[in-house]
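Chemist: In the working numbering, the protein residues as written are 5 to 112.
#1: In this structure, how does DSSP classify residue 71 when only helix, strand and coil are distinguished?
#2: Taking Cβ positions, are residue 53 and residue 22 nearer each other than 9 Å?
#3: Do you know whose CA, among 51, 33, 25, lies nearest residue 68's CA?
#4: Can you tell me the Cβ-Cβ gap for residue 49 and residue 38, rounded? I've got them flagged as a contact below 8 Å.
#5: Measuring CA to CA, which of 15, 59, 28, 35 is closest to residue 66?
#6: Using a Cβ-Cβ cutoff of less than 7 Å, which residues in the same chain neighbour residue 9 once the five nearest sequence positions on both sides are dropped?
#7: Return the first residue and the last residue of the alpha helix (DSSP H) that residue 50 is part of.
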């Protein structure tokens, strides 16, 4: 894994939006991603998808004339494991659960 490429890829907000869109519904076409990322145009989305592919965060396949993109979370998980030991992961999970619970309480 090229750590620098992964970090550079997820540093850009539009690329994170692409990853979020694929997390919500994997296997979207470039056209569907372009609609989800409006006002970005098709060429900008293609450029961002290329960067994400180079970092290994997206895998795309052509189905006829349609290019479908699929999320590959492995590089992000590897990146997280690099800096978070078992103790830190357990502590973080507890804090995230507390944060979620407190945020749900604010919605009531």
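For glycine and all other residues, C-beta sits at the position ideal for the given N, C-alpha and C.
Modeler: Looking at the atomic coordinates:
#1: strand
#2: yes
#3: 33
#4: 5 Å
#5: 35
#6: 58, 59
#7: 46-58
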